[in-house]
Amino acid sequence: MSRVILVIRDGWGFRADKKNNAIANTPTPNTDFLMKNYPNTLLNASGEAVGLPKGFQGNSEVGHLTIGSGRIIQQSLTRINKSIEDKSFFTNPEFLEAIKNAKKNKTSLHLIGLFQTEGVHAHLNHLQALLKLCEQEKFFDVKIHAITDGRDSPTTKSLNHIKKILAVLKKQKFGEIVTISGRYYAMDRNKNWDRTKQAYDCIMKGETKTTYTNPLNSIKESHKKKITDEFIIPRKQKKYGGVKENDSIIFFNYRTDRTRQLTQSIVERKFEEWKREKKKTYFVAMTQYYNPMNAKVAYPDVLEKNLLGYTIAENGLRQLRISETEKYAHVTFFFNGQNEVANRNEERILIPSPTTPTYDNTPEMSAKEITQKLVEQIKTKKYDFIVVNLVNCDMVGHTGNKKAITKAIETVDACVGEITKTALKENYTTLVFADHGNAEDQTKKWGTSHTTNPVPLILVTNEEKLKKTILEKNKGLQDIAPTVLEILKIKKPKEMTGTSIIKK
525 MSRVILVIRD GWGFRADKKN NAIANTPTPN TDFLMKNYPN TLLNASGEAV GLPKGFQGNS
585 EVGHLTIGSG RIIQQSLTRI NKSIEDKSFF TNPEFLEAIK NAKKNKTSLH LIGLFQTEGV
645 HAHLNHLQAL LKLCEQEKFF DVKIHAITDG RDSPTTKSLN HIKKILAVLK KQKFGEIVTI
705 SGRYYAMDRN KNWDRTKQAY DCIMKGETKT TYTNPLNSIK ESHKKKITDE FIIPRKQKKY
765 GGVKENDSII FFNYRTDRTR QLTQSIVERK FEEWKREKKK TYFVAMTQYY NPMNAKVAYP
825 DVLEKNLLGY TIAENGLRQL RISETEKYAH VTFFFNGQNE VANRNEERIL IPSPTTPTYD
885 NTPEMSAKEI TQKLVEQIKT KKYDFIVVNL VNCDMVGHTG NKKAITKAIE TVDACVGEIT
945 KTALKENYTT LVFADHGNAE DQTKKWGTSH TTNPVPLILV TNEEKLKKTI LEKNKGLQDI
1005 APTVLEILKI KKPKEMTGTS IIKK
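With our numbering applied, the sequence shown covers 525 to 1028.
Structure, rendered in structure tokens:
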């Protein structure tokens, strides 16, 4: 009986040019051996191949969603962009209700979100559209809470974004930027609640040690101290006093994993991370950050049917999902079509990520512990299908520390060698690939961010027919699920528009 393992080497892309290419310049004996001896190809993992606009970098959320669904799903960025184009954005009932609430109570509208144009978590165009909507509705008491990036974008690019929004505010003659927080604080997803609290105190209470009168100068001061956008300590405009009772809030980030903690601290009645007085606000989330959520949603999820995990479960097979904290949600929630509930006979193993300010301090992360636990599980032959994510090349790639990135790649290569060796011994077929690129391009253009490069896929197997197969070219992440089902000899659901990578 066939069994399959997906080894997702997060952030391991392909680029022919070896300059500033950590993947190409790091010794990877295990990967080299697999590439030489087993069928391999390149997969598209960005832009239209994962439901994003053309030319946009891939990311872990859309990558795992595409892998797990076996189809290209129109992502939130594309949906929102299209709504701006067809003007339905400006009649969105939840946006209008948020403005109506503030008008009725003579209170403020707060716009919280990441200042970026890379489109990984948010897009500055959406903030501009919200400001245009406020102008349309003749509502002018608007307070903006800027979250600076420096991770998916160049490390000091926030200055350009702040300048752009200040110019819009000047032209429209209303609105002000009242707080600035680096995403390290406002968008933590690893339960570092002390970071979230600093952003919360700044935004909700107007309490922070650092204040400013000019947002641009405040950011420049941080940059002079070598504090890049990601790590800008939460600060407020001098006169800002926090969110008031009956204010409205729109959180315009659409990606869900890094919005949860801050949102929970603002909206949930039951919250135990620190003592806080919950204020009555009209809170609109751009998308469904988690479920259930005590907030309104501007763009509800479009639920997909017959995903890979569900199809495997319906055929009576057992499956395992395993990763460390940083990507655990991706192999579970996102892989299952943004569904929190596990499939029947789906088991999960969470290995804690290291506690450290930045992962260049611990480039091995928890890869060795994941591999040890996974090898144990493979040997039991309990599972027919396993998904594992090795996070290092992405998480350490985001730091831009070349020495640490090299160590991360070496670690992942060693783990892949151990996993595939055990898998072959126990007659598993393994697909080794990535959800997007990162570590293969450390040029100025991409810096610490994801890339638009394709990702390598290697088919590692004992099955003679599969070993001799030629893999299709010009394929994408949507084609992984149909390939898995073919190997498992399960009929592909009609909803899966992807096709097998195995050449007929």
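Think of the CB as a built atom: it goes at the ideal place given N, C-alpha and C, for glycine as much as any other residue.
The structure displayed is predicted, hence computed values, not measured ones.
Asked                                                                                                           : Found
Selected residue, minimal CA-CA separation from Ser677, among Ala938, Leu638 and Lys897                         : Leu638
Unbroken stretches of the alpha helix (DSSP H), 4 residues or longer, contained in the segment 710 to 768       : 717 to 724 and 739 to 748
Segments of 4+ residues assigned as alpha helix (DSSP H) that fall wholly inside the segment 649 to 696         : 682 to 696
Beta-carbon proximity list for Asn649, same chain, < 8 Å, skipping 5 on both sides                              : Asn605, Ile608 and Thr641
Exposed unless 16 or more other CB atoms sit within 10 angstroms - verdict on Glu754                            : buried
Residue span of the alpha helix (DSSP H) that contains Pro1006, given as start and end                          : Ile1004 to Ile1011
Sequence-distant residues of the same chain with beta carbon closer than 6 Å to Asn616, five excluded per side  : Ala822
Alpha helix (DSSP H) segments (min. 4 residues) lying fully within the segment 855 to 922                       : 891 to 904 and 916 to 919
Coarse secondary structure for Phe775, derived from DSSP in three states                                        : strand
Other residues of its chain near Gly833: CB distance less than 7 Å, five sequence neighbours each side excluded : Gly592, Gln843, Phe859, Asn860, Asn867 and Glu870
Proximity below 8 Å, CB of Thr972 to CB of Arg779                                                               : no
Cβ pair Gly840, Leu567 closer than 8 Å                                                                          : no
Lys1016 vs Pro1006 beta-carbon contact at 8 Å                                                                   : yes
In DSSP terms, what His634 is bridged to                                                                        : Lys667 and Ile773
Counted within 10 angstroms of its Cβ, other Cβ atoms place Phe664 as buried (16 or more) or exposed            : exposed
Arg533, enclosing beta strand (DSSP E) - first and last residue                                                 : Val528 to Arg533
Alpha helix (DSSP H) segments (min. 4 residues) lying fully within the segment 556 to 620                       : 584 to 593 and 600 to 609
Three-state secondary structure (DSSP) of Arg539                                                                : coil
Heavy atom of the ligand FMN within 7 Å of Ile547 beta-carbon                                                   : For the structure depicted, the ligand FMN is absent and the ligand set is empty, with no information on it obtainable.
Integer Cβ distance of Tyr852 from Leu874, believed to fall under 8 Å                                           : 5 Å
Helix, strand or coil at Glu801 [DSSP, three-state]                                                             : coil
Span of the beta strand (DSSP E), counted from its first residue to its last, around Arg845                     : Gln843 to Glu848
For Ile743, the nearest candidate out of Ala938, Val915, Asp673 and Val826 (CA to CA)                           : Asp673
Distance CB(Lys729)-CB(Gly766) smaller than 8 Å                                                                 : yes
Residue closest to Pro824, alpha-carbon to alpha-carbon, out of Val915, Glu797 and Tyr814                       : Tyr814
Sub-8 Å separation of Glu828 and Glu1019 beta-carbons                                                           : yes
Alpha-carbon spacing of Ile529 relative to Ala540, whole angstroms                                              : 27 Å
Per-residue DSSP class, three states only, for Gly833                                                           : helix
Three-state class that DSSP yields for Glu942 in the structure shown                                            : helix
Pro1017 in three-state terms, based on DSSP                                                                     : coil
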